[in-house]
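Here the structure is laid out as structure tokens; the discussion comes afterwards.
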Amino acid sequence: MTWKNTQRTLWMVFAIIGSLLGSSNLFAAEADKTKKPSVVVQNKTLPPNGKNGAPFSALESPGHTRFDFDNLTKLMEDHKTPLAAMAPDWLNVAIEHRTRYDVYDHGFTKSIPGFNDQIHQRTRFLFEVKNIIDPLKFTLELTDIRAPLANFGQDHNPTMADHFDFTQLHLGLHDKNFLGTGYAAKFEVGRFMMDLGEARLVGGHRWGTLSPAFDGLHFMMGNTDEKWSLRVFGARPVQRVTTSLNWNTPETYFSGAYVTNRDLRWANFDGYFLQLNESDNLRQRNLSTTGFRLFAKPAKGNMDYEIESMYQFGDTRNKSVFAHRHHGEVGYSFNTPMPLRALYLFDFASGDRDPDKNFDILYAKRRVEYGPTGMFGPFFPSNLMSPVGFRATLVPTPTVRLMMSHRAYWLADKRGAFVGSGLQDATGGAGGFLGHMLDVSLGWDPQWSYMKRMSFDFGYSHLFKGDYFDKVPFSPGMKDTNYGYTMVTFKF
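In mature numbering (1 follows the signal peptide of the UniProt record, and there is no 0), the protein residues as written are -28 to -1, 1 to 464.
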């Protein structure tokens, strides 16, 4: 597809959805609706005037940014979307559409050594039925994920496409005062999604193309933003199939417990234990993962930090595994008229000559620490070390956010695989220096007329390839990779 045809396709999509958003009846109804949301125990706070979401802030919590995190459910329950504002008291409804165009030259993998581009689309239909048989709530989410412009068979790859399927379908029992403790709780049965901590092991809808779902039981008590919370779950992971309905993976089980405490600003704590058992299916992983997270929330004129360590043991294909991953960051938020926050970043994920013994990222998200994912995403936190990294966030206005990061990367074990690339020198002769990457992004949330239903994101990344690419067998070449994207999201 030529660039002219690509432009025409994008403008047609934007025009069609924009015409739907222009209905004055929707906005009038929204202005009249002031209902309070039902109980939400995992809270991603929005201000009273939030439209696309909270105004951009340099004080994101450690590990994720507003730019990365999905907030459609919160917007819907606060009646900040026009369809939710029109709906009766017993119904919440919202629709989101996202279109992104990605392009890069001079690839970094064995299978795609040159140019690649893609148009990726994700459309979500989210419904909640409540207040009919209190305290029950029914949640349904239908998601359509497509790549109408794609190369190398990526339009049929289940990590890139999943045509119109259920990502949530569960019945929840909600209690504002569970067993008289004063804490809210919910118990869900069916298909659900999860965000655990900063999604370094499990994450839901975010920047990328893959949103893991699970069939099973899910209990949560408390609030992840204050005091304490407890989450316990047992489920089967849902296996994505591009053109037919998804179903859970036979004889594969994923369970765990996750606890948080927010009593001390300088010592917020998360602790967890996760268990994945695939028996003789898929990669035959039988892994236990335990870890902790300790952090201080950012505040103007103050330093903050985050430490997360994960330890993994068990077996993969009957091979004994012990692996570990560590993340650290130290930040400072400047007390300036234009909010500015700067971070130093450190990451290490163990590796081995045998790829089955690398640290397994389970169902993690990577955008914040490792740059844009989707069809790009050169770095996975597996057999990887990045001791030198920096990120800065500037918010010149509440509707504009600028981010720049720069990180250097090495293989943790130079005999091991460069995970995700198909490249490996088992002798270690290629060395371990992969290179360094500059990542720049701009987010814009206009707040007037129908434009307040739209969010725009633009980004550019440059991968300066290290000498590893000069020596590794089947190298895609030493030419640096330039990557760019344009993304627009509609919420109504």
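Heads up, the beta-carbon is just placed ideally off N, CA and C, and yes, glycines get one too.
Note that the structure is predicted; figures quoted are calculated from it, not measured.
Does at least one heavy atom of the ligand ATP sit under 7 Å from the Cβ of ALA398?
This structure lacks the ligand ATP; in fact it carries no ligand of any kind.
Terminal residues of the continuous beta strand (DSSP E) containing ARG339?
No beta strand (DSSP E) holds ARG339; the alpha helix (DSSP H) holding it covers 339 to 342.
Neighbourhood of ASN190 by C-beta, 6 Å cutoff - its chain only, sequence neighbours within 5 removed:
The sequence shown places His at residue 190, not Asn. Closer than 6 Å at Cβ, skipping near neighbours: GLU160, PHE164 and PHE205.
Just to check my reading of the structure: ASP385 and ASP442 have Cβ atoms closer than 8 Å, yes? What is that Cβ distance to the nearest angstrom?
Taking C-beta atoms under 8 Å as the contact rule, ASP385 and ASP442 fail to qualify, at a distance of about 19 Å.
Which parts of the stretch 37 to 114 are runs of the beta strand (DSSP E), unbroken and 3 residues or longer, counting only runs that do not cross its ends?
You should have 63 to 76 and 88 to 101.
In whole angstroms, what is the alpha-carbon distance linking ALA389 and ASP89?
The C-alpha of ASP89 is placed about 25 Å away from the C-alpha of ALA389.
The beta strand (DSSP E) with TYR316 in it runs from where to where?
Run containing TYR316: 312 to 321, per the beta strand (DSSP E) assignment.
For ARG(-21), collect the residues of the same chain with a Cβ closer than 6 Å to its Cβ; drop the 5 residues on either side in sequence, then sort them by chain order.
Interpretation of ARG(-21) is limited by its pLDDT of 42, a score under 50 that renders its predicted location unreliable; the figure taken from the coordinates is listed afterwards. Excluding residues within five positions, none has a Cβ falling inside 6 Å.
Whole-angstrom distance between ASN64 and ASN307, CA atom to CA atom
A straight-line Cα-Cα distance of about 39 Å links ASN307 and ASN64.
Nearest-angstrom Cα distance between PHE226 and THR399?
The straight-line gap from Cα to Cα measures roughly 36 Å.
Where does the unbroken beta strand (DSSP E) through SER283 begin, and where does it stop?
Reading the sequence as shown, one finds Tyr at residue 283 and not Ser. Its beta strand (DSSP E) spans residues 275 to 288.
Own chain partners of GLY361 with C-beta closer than 6 Å, once the 5 adjacent residues on each side are dropped:
Hits under 6 Å: LEU317 and ARG379.
Tell me which residues share the same chain as GLN14 and place their Cβ nearer than 6 Å to its Cβ, disregarding the 5 neighbours each side in the sequence.
Caution applies to GLN14, whose pLDDT of 45 falls short of 50 and renders its modelled position unreliable; the value that the coordinates give is listed next. By the criterion of a C-beta distance shorter than 6 Å, GLN14 is surrounded in its chain by THR196, once the five residues flanking it on both sides are discounted.
ARG425, DSSP secondary structure in three states:
In this structure, ARG425 counts as helix in the three-state DSSP scheme.
Beta-carbon within less than 7 Å of GLY286's beta-carbon, same chain only, minus the 5 sequence neighbours each way: which residues are those?
Only ASN258, LEU259, SER260 and VAL293 meet the Cβ criterion.
Between the stretch 346 to 363 and the stretch 418 to 430, can you find at least three pairs of beta-carbon atoms closer than 8 Å?
Flag = no, the stretch 418 to 430 and the stretch 346 to 363 do not touch.
Rounded separation between MET275 and GLY303 - CA only
Straight across, the Cα-Cα distance linking MET275 with GLY303 is about 6 Å.
Are VAL231 and LEU202 touching if we call contact CB-CB under 8 Å?
Here VAL231 is near LEU202, since their CB atoms are less than 8 Å apart.
Cβ atoms of LEU112 and PHE99: under 8 Å apart, would you say?
Their beta carbons are under 8 Å apart, which means PHE99 touches LEU112 by this criterion.
Determine the DSSP secondary structure at PRO445, reduced to helix, strand or coil.
Looking at PRO445 - three-state DSSP - the assignment turns out to be coil, as it is neither helix nor strand.
Rounded to a whole number of angstroms, what is the C-alpha to C-alpha distance between ARG208 and ILE91?
C-alpha separation (whole angstroms): 31 Å.
Taking all protein chains shown into account, decide if ASP137 is buried (16 or more other Cβ within 10 angstroms of its Cβ) or exposed.
When all chains shown are included, ASP137 counts as buried.
Measure the C-alpha to C-alpha separation of ALA57 and MET48 and round it to an integer number of angstroms.
Distance between the alpha carbons of ALA57 and MET48 is about 8 Å.
On the three-state DSSP scale, how would you describe HIS128?
Here HIS128 sits in helix by DSSP.
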